[in-house]
Structure formats: C-alpha cells, structure tokens
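Accompanying notes for the structure given below.
2 protein chains.
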Amino acid sequence: MVDSELLVDGPAVILVEPQLGENIGTAARAMANFGLRDLRIVNPRDGWPNEHARRAASRADHVFDRIRLFQTVEEAVADLGYLVATTARSRELAKTVRGPASAAGIMRGHMVGGVRAGILFGRERIGLTNEEISLADEIVTLPIDPQFASLNIAQAVLILAYEWRRSGLESEESGLRFTTPNDSRPATKQELIGLFEHLEGALDAVTFFRPAEKRPVVVQTLRAMLQKAQFTEADIRTLRGVVAALENRPTRPRKRADGTETTSREAED
Amino acid sequence: MVDSELLVDGPAVILVEPQLGENIGTAARAMANFGLRDLRIVNPRDGWPNEHARRAASRADHVFDRIRLFQTVEEAVADLGYLVATTARSRELAKTVRGPASAAGIMRGHMVGGVRAGILFGRERIGLTNEEISLADEIVTLPIDPQFASLNIAQAVLILAYEWRRSGLESEESGLRFTTPNDSRPATKQELIGLFEHLEGALDAVTFFRPAEKRPVVVQTLRAMLQKAQFTEADIRTLRGVVAALENRPTRPRKRADGTETTSREAED
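Top to bottom, those sequences are chains H and X. Its first residue numbered 1, the first sequence is counted upward by one per residue in full-length UniProt numbering. Its first residue numbered 1, the second sequence is counted upward by one per residue in full-length UniProt numbering.
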C-alpha cells in the first residue's frame with residue numbers, strides 16, 4: 001500500500017533560534033505525524049532542555065529525545081547536501097523559489113540518491129537573516145494569503161512534513177484503502193436490472209407513470225439516477241427490501257390483497 | 001502567479017462539537033492564512049462566545065467575527081451541495097476516500113461551478129460519528145504516519161486550507177469544471193435530508209424497521225447508500241415523487257385510510 005520510498009529517511013528540520021519552547025515541542029509533534037525524525041535546534045532563546053517544549057511534544061518522544069542542539073546554523077547544517085530555507089515572502093535573493101510540494105519532491109530525489117537534505121526555519125518574528133538564507137540551495141515559500149500572513153513555525157513545519165510524506169506516496173490515495181462495507185462486491189447489471197424492474201412494477205401498481213406514454217422516459221431517468229450510486233450487491237438487497245416493504249402496505253404480518261402478484265414478481269429474479 | 005480563480009469563495013469549515021475554545025480560534029487563524037472565511041461550529045462544549053477561542057484567533061477577526069453557531073450538523077450543512085468528512089482512519093463506509101489535494105481539487109471544481117462545498121471536522125478525541133459521516137459525499141483522510149497519529153483539529157484544518165489555496169494556484173487543477181447534466185444543480189444537504197426523512201417516515205408506516213432498536217443502523221445504511229449517487233435537486237424531486245406514490249397506495253384517485261398522517265408529514269418539508 002505504501003510506496004517503498006517512504007522507508008527513506010526524511011529531511012532534517014532545523015529551527016534557528018526558536019523563542020518559544022512550545023513551538024519546538026509542537027514542531028516535533030508535527031514531524032512525528034508525517035514520519036520525520038531529525039529535529040535540530042540552533043541556540044534556542046530559553047536554553048535547553050526546556051520543559052515547555054517537552055510538554056508540547058506530548059507523545060512524540062521518538063523525535064523529541066533525539067533533538068540535537070547546535071550553537072550556529074553552519075554547524076547544524078554541516079552534514080547536509082541539499083538545504084532549503086523557508087521564507088514568508090520572496091526576497092531579493094538569487095535563488096530558486098519553490099512551493100512546498102515541489103521542494104518535497106526535490107528533497108526526496110536527493111535522499112533517495114543518498115544525499116541528506118534539510119529544511120531551515122527562522123525565528124518567530126524576524127525569520128532568517130540573509131546570511132542564513134545564503135547557506136541554502138533554494139528557497140521554499142508557503143502560498144499564504146499575503147493579506148493575512150500569520151503562520152507560526154510549527155505550522156510551517158507541519159505543512160513541509162505533510163508534503164514530504166505525500167511525495168513518497170505513489171499517488172495521494174495510494175496510502176488509503178478503498179473499502180466497501182462487509183466486503184460486498186459491486187452489483188451485477190442483472191441484479192441492478194432486477195431492482196429497477198421491481199421498483200417499476202411497484203410504481204405501475206400505484207399508477208405512477210402518467211400519462212402512460214411517458215413511462216419509457218421516466219423509467220430511463222430513474223434508472224440513470226439510481227445507477228449513479230454504483231450500488232453493491234448488499235445495497236441491492238436492502239433496496240429491494242425497501243421497495244417490497246412499501247408495496248406490501250399494510251404491514252407484512254397482515255395478508256395483502258394483491259399478494260400473489262408481488263410474490264410472483266419477486267420469484268422471477 | 002495567482003490564478004484568478006483564487007477569487008472564488010472557499011469551502012465552509014464545520015467543526016462538530018469542538019471541546020477546546022483554543023482549537024476554534026486556531027482553526028480560524030489557520031483558515032485566514034490560506035484565504036478561507038466561512039467557519040461554522042456545531043454545539044461547542046464550552047458554549048459561545050468563548051474567550052479562549054477569541055484569544056487563540058489572534059488577528060483573524062475577519063474569520064472569527066463571522067463564525068456561525070449551529071445546534072445540529074444537519075443545520076450547519078443544510079446549504080451545501082458537496083461535503084467531505086475528515087476521518088483519521090478508513091472506516092467501513094461505502095464512500096470514496098480522497099487525500100487532501102484531491103478533495104481540494106474537487107471542491108474547487110464545485111465552487112467554480114456555483115455549488116457550495118464544505119469540510120466536516122470531528123471532535124478532538126472521538127472524531128465524527130458514523131451518522132455524521134453519512135451526511136458527507138466523500139471522505140478525506142490525511143496521510144499521517146499510522147504509528148503516530150496525533151494531529152489536532154486546527155492542524156487538520158490548516159492542511160485542508162493549504163490544499164484549498166494550492167488548488168487555486170495550479171493551472172491543471174483550476175481548469176476543472178464539474179457540471180451536472182440538464183443544468184440541475186447538486187442537491188443541498190437539506191434537500192437530501194428531506195428525502196431521507198420522507199423515505200424513513202414511509203418505512204416507519206409499514207413497520208420496516210424491525211426490531212425497532214436496529215432502526216438507527218438501518219437508517220444509516222440507507223442514507224449512506226443513497227448518498228453515493230450524489231443526487232441533483234431534480235433527482236430529489238423525482239425520488240420524493242416515487243416515495244410519495246408508493247406510500248399513497250392504493251392509487252391516488254382513491255381515498256387513503258391513513259391520508260392525514262402522510263399529508264402532515266409531506267407538509268413539514
């Protein structure tokens with residue numbers, strides 16, 4: 001179900017001088033949700049370890065306990081072969097600017113080829129300095145509404161982590177199972193036609209089709225409409241139960257006036 | 001860079017019984033970042049208005065101040081023509097399961113065609129009930145790591161909002177149009193629920209649901225089954241005619257024994 005490339009290690013996430021411990025913990029959780037594990041922090045304002053960070057990380061211990069602390073951005077990215085820097089708005093820098101999906105695809109290509117990749121995230125208010133950005137190969141910018149740009153670090157990490165994971169799925173839906181309840185198979189056309197004829201018979205009995213000349217058109221409309229649902233075999237049985245109940249008024253325990261006719265129709269299928 | 005179709009209104013976000021005010025506010029902020037504005041909340045645990053929510057919404061006033069409160073999910077989605085339900089894991093429900101990008105593309109297609117779309121988010125711990133999910137046309141599931149699934153509501157809202165915005169930036173997706181034959185628009189949830197209740201009333205009258213304890217399960221099965229067809233408004237009218245004809249046996253020219261009851265039910269809608 002999941003593409004084998006999901007087994008590739010994910011990119012490193014590097015938080016530069018995060019101010020709030022809570023954001024570090026929430027970033028760890030965001031990463032864990034999408035299978036990333038390598039979190040690095042550079043010179044956090046409130047020192048390290050940080051209890052606010054641990055609490056916000058909640059159950060993401062396998063990410064949190066591996067967090068590595070660095071004094072400078074240069075040290076934090078030293079082992080990486082491809083680095084993207086996240087910036088909120090485009091700057092006057094001679095670098096390719098990508099969206100998150102495109103950046104995730106490039107990173108996966110590198111990691112599959114054995115090159116370690118990483119994503120650089122800036123400080124809460126002022127982001128990354130131009131000097132820090134210059135360490136990156138490319139820039140990734142999120143398509144936020146310019147009139148309301150208020151994404152925090154953990155949210156930006158979440159979206160990049162999501163795109164990383166998505167880039168490893170053959171198609172977006174390949175990680176998802178398509179199930180029908182009770183393993184019911186799609187109805188055969190014969191079963192579907194059985195339902196149609198049952199319903200149309202019940203409608204004939206109440207003179208639904210008036211004037212009679214219009215019957216073929218209305219029948220065709222009804223059939224097209226119901227066909228859209230792609231009923232399963234179990235669905236057909238349920239719906240025939242519904243039609244039978246409605247045409248069997250009054251309720252089943254009592255004898256019906258026209259019972260014979262209906263029984264013979266039901267017996268046909 | 002920005003496609004003109006970004007000007008299309010975004011889908012509604014519906015939070016069902018959110019427990020923490022903070023999540024409501026953070027969801028509003030997440031939406032604002034990606035240009036969504038229509039936030040609806042159903043029966044929030046701590047009542048409304050909620051100061052925690054307002055504080056968490058920060059500067060997203062233009063979303064927060066327009067939040068609408070509803071008592072039931074049915075009322076909250078009544079005006080929508082296409083609804084996706086977010087669920088954490090696949091369930092035994094006969095609905096198409098999509099990833100966020102695919103769902104966003106479908107929603108954009110609908111909204112460009114003038115059909116209002118919405119996304120349903122469940123409660124913090126227990127998500128959505130099967131009955132609530134049955135109101136949706138399709139299911140959207142995020143590709144989270146099954147070994148660490150700990151996304152909160154606001155994070156799920158963030159990713160769907162991000163994908164909504166992204167769907168407006170990519171030319172290959174913005175070209176999609178969803179049209180229905182005969183210019184009939186998709187039925188609103190209100191119209192659909194009207195059909196369901198009409199049919200269930202008719203089935204009650206013939207004691208279809210036996211034993212009575214099983215009624216909720218059978219009702220849900222029926223609704224899920226019929227929902228698959230994505231009926232148009234014209235379809236709903238036709239089907240209500242079918243149900244009315246069948247419950248009106250014997251044929252319309254003759255007086256019915258229980259005519260009063262049926263008339264009153266029909267008058268309700």
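Note that the Cβ used here is the ideal one computed from N, Cα and C, for glycine as well.
- In the DSSP assignment, Glu-233 of chain H falls within the unbroken alpha helix (DSSP H) covering 233–247.
- Counting only the Cα atoms, Thr-86 of chain X lies some 20 Å from Gly-35 of chain H.
- Burial check for Ala-78 of chain H: the Cβ neighbour count within 10 Å stays below 16, so the residue is exposed.
- A Cβ-Cβ separation of about 6 Å places Leu-142 of chain X in contact with Leu-151 of chain X under the 8 Å criterion.
- Taking 7 Å as the cut-off, the Cβ atoms of Ala-28 of chain H and Leu-39 of chain H count as close.
- Here DSSP, grouped into helix, strand and coil, assigns Arg-116 of chain X to coil.
- Gly-127 of chain H has H:Arg-123 as its beta-bridge partners, per DSSP.
- Judged by pairs of C-beta atoms under 8 Å, the stretch 108–124 of chain X does not touch the stretch 221–241 of chain X, as fewer than three such pairs exist.
- A straight line joining the alpha-carbon of Arg-54 of chain X with that of Asn-23 of chain X spans about 10 Å.
- For the stretch 121–143 of chain X, the set of residues with a beta-carbon nearer than 8 Å to any beta-carbon of chain H comprises Thr-141, Leu-142 and Pro-143, in chain order.
- Between the beta-carbon of Met-31 of chain H and that of Val-13 of chain H there is about 6 Å, and that keeps the pair under the 8 Å contact cut.
- The residue among H:Glu-213, H:Thr-72 and H:Leu-20 with its C-alpha nearest the C-alpha of Ala-56 of chain H is H:Leu-20.
- Your pair Leu-203 of chain H and Val-206 of chain X does not check out as a contact, with CB atoms roughly 16 Å apart and the cut at 8 Å.
- Nearest neighbour of Ala-60 of chain H by Cα position, chosen from X:Glu-191, X:Phe-148 and X:Ala-154, turns out to be X:Phe-148.
- Taking the CA atoms as reference points, Ala-76 of chain X sits about 10 Å from Leu-120 of chain X.
- Residue range 82–86 is occupied by the beta strand (DSSP E) that includes Thr-86 of chain H.
- Just measuring C-alpha positions, the residue of X:Gln-155, X:His-52, X:Ile-236 and X:Arg-165 sitting nearest Gln-190 of chain X is X:Ile-236.
- By the criterion of a C-beta distance shorter than 8 Å, Ala-103 of chain H is surrounded in its chain by Val-84, Ile-119, Glu-138, Val-140, Leu-160 and Glu-163, once the five residues flanking it on both sides are discounted.
- If you ignore the 5 residues before and after Val-97 of chain H, its C-beta comes within less than 8 Å of the C-beta of Ser-90, Glu-138, Ile-139, Val-140 and Thr-141, all in its own chain and listed in chain order.
- DSSP, read as helix, strand or coil, puts Val-219 of chain H in helix.
- Rounded to the nearest whole angstrom, the C-alpha separation of Thr-238 of chain H and Leu-199 of chain H is 13 Å.
- The beta carbon of Pro-49 of chain X sits closer than 6 Å to no other beta carbon from its chain once the five residues preceding and following it are set aside.
- When X:Val-63, X:Arg-45, X:Ala-88 and X:Ser-58 are compared, the shortest CA-CA separation from Gln-71 of chain X is found for X:Arg-45.
- Counting only Cβ-Cβ distances below 8 Å, Met-107 of chain X has no contacts in chain H at all, with the closest Cβ about 14 Å away.
- Chain-order list of chain H residues neighbouring Phe-148 of chain X: Ala-32, Asn-33 and Ala-60, by C-beta distance under 7 Å.
- Taking C-beta atoms as the reference points, Arg-123 of chain X and Glu-17 of chain X count as a pair closer than 7 Å.
- With respect to Val-218 of chain H, Phe-209 of chain H sits close: the two C-beta atoms are nearer than 7 Å.
- Residues of the stretch 229–244 of chain H with a C-beta atom less than 8 Å from some C-beta of chain X are Ala-229, Gln-230, Phe-231, Thr-232, Asp-235, Thr-238, Leu-239, Gly-241, Val-242 and Val-243, listed in chain order.
- The beta carbons of Asn-33 of chain X and Ile-144 of chain H sit closer together than 7 Å.
- Within chain H, the residues Val-206 have their CB atoms less than 7 Å from the CB of Asn-248 of chain X, given in chain order.
- Identification of chain X residues near Asp-145 of chain H by a Cβ-Cβ cut-off of 8 Å yields Ala-32, Asn-33, Phe-34, Gly-35 and Arg-165, ordered along the chain.
- By the neighbour-count criterion, in which a residue is buried when 16 or more other Cβ atoms sit within 10 angstroms of its Cβ, Ile-126 of chain H is exposed.
- In terms of Cβ geometry, Gly-81 of chain X and Ser-167 of chain X do not form a close pair [threshold 7 Å].
- Per the coordinates, the alpha-carbon of Ile-67 of chain H lies some 10 Å from the alpha-carbon of Gly-25 of chain H.
- Just measuring C-alpha positions, the residue of H:Pro-211, H:Arg-185, H:Glu-233 and H:Ala-156 sitting nearest Ile-193 of chain H is H:Glu-233.
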